[in-house]
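What follows is a set of notes on a single structure, which appears directly below.
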Amino acid sequence: MTDTLSSLRKARQQYIQRCEDLEKAKQLSAKIEEEQNMGGHPGSANKLVEKRRRSREEAQTKAQEAEVLYRSCVGEANARSEQQEKVRQRIISHIRKLINQGDQVLKEVTQNLMHLKRTQCESVPSGYGNLFSTCEPYEAGDRYLQFVVSLPRKHTEPEKFTFQEYIPAGQRSSPGGKRKNAVQLVRVSSSLSDLNVKTDDIARMSAGERSSWGNKIFHNDSESISGSSEPRSLESPTECPGHFGKKVGKASSTGTMSSDDPDERDSFHAEDVDSVDAASENGFSLPSLVMSPAAQTHRLRRIRVPTKCRECEGFMVSGVECDECYLICHKKCLESLLIKCGHKKLPNKVPLFGVDFCNFPRYFPEEVPFVISKCTAEIEMRALGQQ
1 MTDTLSSLRK
11 ARQQYIQRCE
21 DLEKAKQLSA
31 KIEEEQNMGG
41 HPGSANKLVE
51 KRRRSREEAQ
61 TKAQEAEVLY
71 RSCVGEANAR
81 SEQQEKVRQR
91 IISHIRKLIN
101 QGDQVLKEVT
111 QNLMHLKRTQ
121 CESVPSGYGN
131 LFSTCEPYEA
141 GDRYLQFVVS
151 LPRKHTEPEK
161 FTFQEYIPAG
171 QRSSPGGKRK
181 NAVQLVRVSS
191 SLSDLNVKTD
201 DIARMSAGER
211 SSWGNKIFHN
221 DSESISGSSE
231 PRSLESPTEC
241 PGHFGKKVGK
251 ASSTGTMSSD
261 DPDERDSFHA
271 EDVDSVDAAS
281 ENGFSLPSLV
291 MSPAAQTHRL
301 RRIRVPTKCR
311 ECEGFMVSGV
321 ECDECYLICH
331 KKCLESLLIK
341 CGHKKLPNKV
351 PLFGVDFCNF
361 PRYFPEEVPF
371 VISKCTAEIE
381 MRALGQQ
């Protein structure tokens, strides 16, 4: 349409110009004819009249051509304008249809949404009513009772206490008698781990303290004499978790030795006395330390030569060593020891840098690499002091 309008403007300007040229030619031709009629130079006048006549005819021809071109451009512009109007009407019709379709879809969606909201809101009261009726028959404590009933039942008898007569200081028994008394305490107590009480303290116990002697810990500074095999496993190189398992297996469910098993009672007494004698002969005794579960699995003894600690990598002169896996560490490192006894010699320590974490479980019995455990333990220890 733009090209058609441009052609129309050019044709119109050309038509006007040709018409003006034709009018000028007609005026000049009429003027020359008047001069000729007035009797001027006849020969030159005829030539000039002929020349003007030809120029007038040429101008008339060009004016007619420009008129024809102008008319054709006008017709083409009208056709283009009609076509454009039809396209505009068709576009407006399509837009109207799309708007109607969009309005219809929005109307249906809105109606469906409102219907859905109505359906949901109608079901809410009935749902709360169902929940109320469901919770109404519940009695307080039923779930806890079901949990308690589902637990495995374990029959336990009450702990038995015995009266221990006061012994004056001058009538105290010999060290051998002390060991026998310690063994007798083990037979009577319900817990093998609660009888590490000093024999000397027995004589100084008051009447109120004698009623609860089984819950105290007995210690002897010169020799560690106790019914618990955990501290003795640290103090004697002849004791190990295996011996502890045997002694616990020989105890009854209540923690007291059965009176109708003389063989087991005699063997238990012999093992306890032998372990105490071995600890005294070696002279190996440790202070009462809090040990990790992994440290309790080792069979410990004194180290013979200065070496490095497996736990903290520090050089030490006085420490402990496992008889089975040959693990060496400080006494203080037993509290945080993470390496369990594998009952065989430990492999060489692998380097920490340049090795994937997935390769560490091949060399250590733990599922989690000790590097991760060590790092997490250090992070937790440092985080306790932060706000």
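When we follow UniProt numbering, the leftmost residue of the sequence shown carries the number 1, and every step to the right adds one. The beta carbon of each residue, even a glycine, is placed where N, CA and C say it ideally should be. In this text the structure is predicted, and so the values were computed from the model without any measurement.
Cβ shell of Pro262 (< 6 Å), same chain only, five flanking positions each side left out: On the sequence shown, position 262 is the one that residue 262 refers to. Here Pro262 scores only 42 on pLDDT, less than 50, and its place in the model should not be relied on; the value that follows carries that caveat. Nothing listed; no residue qualifies.
Reference Ala294; option with closest CA among Leu327, Arg301, Pro306, Leu69: By 1-based counting over the sequence shown, the position of residue 294 is 294. Minimum Cα distance to Ala294 is reached at Leu327.
Three-state secondary structure assigned by DSSP to Arg304: Here residue 304 corresponds to residue number 304 of the sequence shown, with the count starting at 1. It is coil, neither helix nor strand.
Rounded straight-line distance, which links the Cα of Phe161 to that of residue 401: Missing from the structure shown is residue 401; the chain here goes from 1 to 387 and no further.
Simplified DSSP state of Ser6, which is helix, strand or coil: Along the sequence shown, one-based indexing puts residue 6 at 6. Helix at Ser6.
Limits of the unbroken beta strand (DSSP E) element including Cys322: Position 322 of the sequence shown, counted from the first residue, corresponds to residue 322. Looking at the DSSP string, the run of the beta strand (DSSP E) that includes Cys322 is 320–322.
Whole-Å CB distance - Cys329 paired with Leu337, under 8 Å assumed: Looking up residue 329 in the sequence shown gives position 329. Looking up residue 337 in the sequence shown gives position 337. Between Cys329 and Leu337 the beta-carbon gap is near 6 Å, inside 8 Å, which marks them as a contact.
Residues that Ile328 bridges to, as DSSP identifies them: The residue labelled residue 328 in the question sits at position 328 within the sequence shown. BP columns for Ile328 point to Glu321.
Ordered list of alpha helix (DSSP H) runs contained in the UniProt domain "F-BAR" (1–143), each at least 4 residues: At a cut-off of 4 residues, the continuous stretches assigned as alpha helix (DSSP H) that sit fully inside the UniProt domain "F-BAR" (1–143) are 2–37, 42–135.
Within 8 Å, strictly: CB atoms of Cys341 and His298: For the purposes of this step, residue 341 is identified with residue 341 of the sequence shown, where counting begins at 1. For the purposes of this step, residue 298 is identified with residue 298 of the sequence shown, where counting begins at 1. For the pair Cys341 and His298, the CB atoms are nearer than the 8 Å cut-off.
Beta-carbon proximity check, Thr2 vs Glu76, cutoff 8 Å: As a position in the sequence shown, residue 2 is number 2, starting the count at 1. As a position in the sequence shown, residue 76 is number 76, starting the count at 1. With a cutoff of 8 Å on beta-carbon distance, Thr2 and Glu76 are scored as not near each other.
Chain-order list of residues whose beta-carbon lies under 8 Å from that of Cys375 (same chain, five-residue window excluded): Counted from its first residue, the sequence shown places residue 375 at position 375. Correct list: empty, nothing qualifies.
Bridge-paired residues (DSSP) for residue 389: The question about residue 389 has no answer, for the chain in this structure spans 1 to 387.
Cut-off 8 Å between Cβ atoms - residues of its own chain near Ser93, not counting five sequence neighbours on either side: Counted from its first residue, the sequence shown places residue 93 at position 93. Hits under 8 Å: none found.
For Thr156, the three-state DSSP class (helix, strand or coil): Numbered from its first residue, the sequence shown carries residue 156 at position 156. In the three-state reduction of the DSSP assignment, Thr156 falls in the coil class.
Range covered by the alpha helix (DSSP H) that runs through Lys374: Locating residue 374 in the sequence shown gives position 374, where the first residue counts as 1. Lys374 -> alpha helix (DSSP H) spans 370–383.
Test item: CB-CB of Arg12 and Ala59 under 8 Å: Here residue 12 corresponds to residue number 12 of the sequence shown, with the count starting at 1. Here residue 59 corresponds to residue number 59 of the sequence shown, with the count starting at 1. Result no, Cβ atoms of Arg12 and Ala59 do not sit closer than 8 Å.
Between the CA atoms of Arg118 and Asn100 - distance to the nearest angstrom: Along the sequence shown, read from residue 1 onward, the residue named residue 100 stands at position 100. Along the sequence shown, read from residue 1 onward, the residue named residue 118 stands at position 118. Cα-Cα distance, rounded: 27 Å.
Under the three-state DSSP convention, the category Ser292 falls into: Residue mapping note: residue 292 aligns to position 292 of the sequence shown, counting from 1. Shown here, Ser292 sits in coil according to DSSP, grouped into three states, outside any helix or strand.
Buried or exposed by the 16-neighbour rule on C-beta atoms within 10 Å, applied to Leu145: One-based indexing of the sequence shown puts residue 145 at position 145. With fewer than 16 Cβ atoms within 10 Å of its Cβ, Leu145 is classed as exposed.
Simplified DSSP state of Thr297, which is helix, strand or coil: In the sequence shown, residue 297 corresponds to position 297, counting from 1. Helix at Thr297.
Nearest-angstrom Cβ-Cβ length linking Arg302 and Val320, presumed shorter than 8 Å: To locate residue 302, count along the sequence shown from 1; it is residue 302. To locate residue 320, count along the sequence shown from 1; it is residue 320. With 8 Å as the limit, Arg302 and Val320 qualify as a contact, their Cβ atoms being about 7 Å apart.
Leu300 classed as buried or exposed, judged by whether at least 16 other C-beta atoms fall within 10 angstroms: Indexing the sequence shown from 1 puts residue 300 at position 300. Per the 10 Å Cβ criterion, buried.
Status (buried if at least 16 other CB within 10 Å, exposed otherwise) for Ala63: For the purposes of this step, residue 63 is taken as the residue at position 63 of the sequence shown. So Ala63 counts as buried.
C-alpha gap between Gly127 and Thr110, whole angstroms: For the purposes of this step, residue 127 is taken as the residue at position 127 of the sequence shown. For the purposes of this step, residue 110 is taken as the residue at position 110 of the sequence shown. Pairing Gly127 with Thr110, the inter-Cα distance amounts to about 25 Å.
Closest Cα partner of Arg71 within the set Leu106, Pro168, Ser7, Asp323: Here residue 71 refers to the residue found at position 71 when the sequence shown is read from its first residue. Arg71 has its Cα closest to that of Ser7, out of Leu106, Pro168, Ser7, Asp323.
Contacting residues, own chain, Cβ-Cβ under 7 Å from Glu335 (five flanking each side not counted): Here residue 335 refers to the residue found at position 335 when the sequence shown is read from its first residue. Excluding the 5 residues flanking it on each side, Glu335 has same chain C-beta neighbours closer than 7 Å at Leu289, Val290, Met291, Ser292, in chain order.
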